[in-house]
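Contents: one structure, followed by commentary.
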Amino acid sequence: PIRLIGYPCGPFFRLQMMLLDGRETLSSFRCDRLTQALAASGHALRLDATRIVFAIDGGDPAQLPRYGELLDATAAGEAFDADTFVVLPRLGTISPWASKATEILRGAGLPLDRVERGMRYRVAGFAALSGAEQAKVLRQLHDPMTQSVFRSVEAIVELFRHESARALGRVALAGDAQAA
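Going by my numbering, the first residue of the sequence shown is number 4, and it counts up by one from there.
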């Protein structure tokens, strides 16, 4: 089944996002190395799966096979469980990859607002950890300066939220601005 996430817009339902899974990304050697690093925390953790994931905003579900072909996606996004999370570009940003990929997909005649690429991780034992322990594990698997972690498909919709411009603010500099 296709994972379609949307929101009500008046009497209509506007499609917000489709989630597609790509190929496995890490070799078994790299998965084993990451599993060893995660196990060093003293918990029985195992990296079960790492896949590329594509989040498509404003796409046409009828064109799913074509999106899959161009993005090298293998299936509609799998359901999340308590041990699964997705790492995508940081909220409020548009990655350079997304800019180019969106342009290419539009050039191929596919309708969409934007596409982003990220990683889906499944870490067996993750859900049993405390919040602080989960944060330590996540720090090993993503860069919080450039990436955000999502624990559900519905949360990924926030990546595509459009905000209106805010009022311009001014900051008064104390003393001589040139010397500062």
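Where is the CB? At the ideal position from N, CA and C, for every residue including glycine.
Determine the DSSP secondary structure at residue i, reduced to helix, strand or coil.
| i | result |
| --- | --- |
| Phe153 | strand |
| Glu27 | strand |
| Gly48 | According to the sequence as given, residue 48 is Leu; it is not Gly. If DSSP states are grouped into helix, strand and coil, Leu48 belongs with coil. |
| Phe15 | Unreliable positioning characterises Phe15 in this predicted model, as indicated by a pLDDT of 45, which lies under 50. The coordinate reading is nonetheless provided below. Three-state result, Phe15: strand. |
| Leu22 | strand |
| Arg173 | coil |
Taking just the CA atoms, how far does residue j sit from residue i?
| i | j | result |
| --- | --- | --- |
| Phe163 | Asp146 | 20 Å |
| Val118 | Gly25 | 13 Å |
| Ile107 | Glu27 | 23 Å |
| Gln150 | Ala175 | 32 Å |
| Gln143 | Gln137 | 10 Å |
| Arg54 | Gly121 | 8 Å |
| Leu67 | Phe32 | 32 Å |
| Leu141 | Ser102 | 26 Å |
| Gly61 | Gly45 | 43 Å |
| Ala47 | Ala135 | 16 Å |
| Asp63 | Ile159 | 18 Å |
| Leu23 | Val56 | 6 Å |
| Ala130 | Ala85 | 5 Å |
Would you give the residue range spanned by the alpha helix (DSSP H) that residue i belongs to?
| i | result |
| --- | --- |
| Phe32 | Ser31 to Ala42 |
Fill in: Runs of alpha helix (DSSP H) lying entirely within the segment 61 to 140, each at least 4 residues, in chain order
67 to 74 and 99 to 110
Item to complete: Mind the definition here: the segment 153 to 160 touches the segment 88 to 101 only if three or more C-beta pairs lie below 8 Å; say whether that holds.
Response: yes
Worksheet item: Does the segment 34 to 41 come close enough to the segment 68 to 84 that 3 or more CB-CB pairs lie under 8 Å?
Response: no
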